[in-house]
Amino acid sequence: MSAVHSPSARMKRRETHSPRSLVAIVVAIALILVFAWLATEIVLELIGRPPLLGSPAEMLHGTAALTSAPISWVVTGGAVLAAIGIVLVVLGLTPGRRSRHVLASARSVIVVDDEVIASGLARRAASAARISPDNVRVTLARRTVDVRLTPTSGVLVDRSAVLDAVAGELDSYDLEPALRPPRLQVESRGQVGA
Amino acid sequence: MTSTNRFANRLLIVVVGIVLLCAGLAAAAVVLNPTATTIWNQNAPRIRAAAESLLLTPAVPGTRTGWVLLGALAALVILIALLVAFIWRQGGGRTGRLLVRQTGETGTTIIESDVATGLLQDALTDDPEILAAHVTAYAIKGTTALKIAVTCRRGASPQRIGRTIDRLLTALDDVLGVDIPAYVQISGGFRARMTARTRLDRRTSPTNVIAPANP
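Heads up: the sequence lines are chains A and B, in that order.
Position one of the first sequence corresponds to residue 3 (the numbering used here), numbered consecutively onward.
Position one of the second sequence corresponds to residue 37 (the numbering used here), numbered consecutively onward.
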């Protein structure tokens, strides 16, 4: 059994966080394009042909003449580069948690999408409140569960029964990260005949 | 499950981000700050001339070839190759071999992944609350693990489905004689799909409606 557990912590972490593959691929492609263009300019210079956008000498001239260029251009360009840079740094450093939770299991690593958990809880809440599951909306965050239900007009909803049912169902799932007890909100306007 | 190197992904993103951030801020600072502008104007022509002579001085007089420029070209080509390899390696790791075991001196037993894939997929799709099941094997950290991706019906209890899958996996362990590490992914795709909570079972009578049991 221990052989099942040693890769499991790593698996849990990997499957509940984004790998940032898409961002990394986009960045890599952008770098490839820039490097390919630079390499082309060098080759054109070496074989004596006219450059595409600027030969190495022209590029050096242009960089040195930074202070002669219109200030608004340089500042705008610099701001755009800096903004992209900040976005990339944030994307690279933040964990990128996915909306998933880990279901306790001794045999395997089980990861469930939050919407599946929510719909399971919604069905339980609906039966406890004796309304159609379409009138229940469950929202799941990392640690919180919010249940909103639209009661049938004229029929009282037993709040504690609903909360107990949902909390009981939630406990049986035994999720990680642990969720706080669910919060219930009953709409003041009922649904006729549902 | 995949062999994607997540650390490498994030490292590339952060490094490029920092370079862009510094370049952008530096450029803006040089033009906006008078002191910086003066320093730049004093030193830039000198540095530019030095760089130009470094790059463009021909190695052999009479030709256009400069060693440094050639070196830069080689470096760029290597970097491009590394980046292409980096993109290629995203998301791999599948394997067809589930288990390779040396059985004494007589030989080796090799169990293909299709064995587990077939057994599990058949058993899982029989469950009325499981709409689709996809089983693949991945090579991770020296061992092989199974990835079981299950799409379940709206309203299904993920706990019940998890228990069902665990039971099937334990049965598979008995068949194979060894515990295979398993990763189970339970998803729903509810917003995209329009399937009803109840379904008509065509195997018996057309009017037989099977609804998930109320817990």
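Beta carbons are placed, not taken as given, at the ideal position from N, Cα and C, and that holds for glycine.
Legend entry - Buried or exposed by the 16-neighbour rule on C-beta atoms within 10 Å, applied to residue 180/A: exposed
Inset, instruction - Taking residue 115/A as the query, report the chain B residues whose CB atoms sit under 7 Å from its CB, ordered along the chain. - result: 222, 223 and 224
Legend entry - residue 87/A (DSSP reduced to helix, strand or coil): helix
Inset, instruction - Consult DSSP for residue 168/B and reduce its assignment to one of helix, strand or coil. - result: Per DSSP, reduced to three states, the secondary structure at residue 168/B is strand.
Inset, instruction - Kindly list, in the order they appear in chain A, the residues whose Cβ is closer than 7 Å to that of residue 88/B. - result: Near residue 88/B (Cβ distances below 7 Å), the residues of chain A are 59 and 62.
Inset, instruction - Give the single residue among 177/A, 146/A, 149/A and 130/A whose Cα lies nearest to the Cα of residue 158/A. - result: 130/A
Legend entry - Exposure label - residue 190/B; buried when at least 16 CB within 10 Å: buried
Inset, instruction - Counting only the same chain and skipping the five closest in sequence on each side, list residues whose C-beta sits under 6 Å from that of residue 138/A. - result: 124, 127, 128 and 151
Inset, instruction - Determine the DSSP secondary structure at residue 131/B, reduced to helix, strand or coil. - result: coil
Inset, instruction - Using a Cβ cut-off of 8 Å (strictly closer), state whether residue 107/A contacts chain B. - result: yes
Inset, instruction - Please state whether DSSP places residue 79/A in a helix, a strand or coil. - result: helix
Inset, instruction - Give a yes or no on whether the minimum CB-CB distance between residue 198/B and chain A is below 8 Å. - result: For residue 198/B, at least one C-beta of chain A is nearer than 8 Å to its own C-beta.
Inset, instruction - Give the secondary structure of residue 115/A by DSSP, where H, G and I count as helix, E and B as strand, and everything else as coil. - result: strand
Legend entry - Candidates 107/B, 200/B and 177/B: closest to residue 164/B by CA position: Comparing alpha-carbon positions, the option among 107/B, 200/B and 177/B lying closest to residue 164/B turns out to be 200/B.
Inset, instruction - Using only alpha-carbon positions, find the residue among 69/B, 141/B and 174/B that is nearest to residue 149/B. - result: 174/B
Inset, instruction - Give a yes or no on whether 8 Å exceeds the smallest Cβ distance from residue 69/A to chain B. - result: At least one CB of chain B lies nearer than 8 Å to the CB of residue 69/A.
Inset, instruction - Enumerate in chain order the residues of its own chain whose CB-to-CB distance from residue 116/A is below 7 Å, with the five nearest sequence positions on each side excluded. - result: 101, 102, 103 and 142
Inset, instruction - Taking all protein chains shown into account, decide if residue 195/B is buried (16 or more other Cβ within 10 angstroms of its Cβ) or exposed. - result: buried
Inset, instruction - Would you mind sorting residue 4/A into buried or exposed? The rule is 16 or more other CB atoms within 10 Å of its CB. - result: Only weak support exists for where residue 4/A lies, its pLDDT of 44 falling under 50; the value from the coordinates is given anyway. Around the CB of residue 4/A, fewer than 16 other CB atoms lie within 10 Å, so the residue is classed as exposed.
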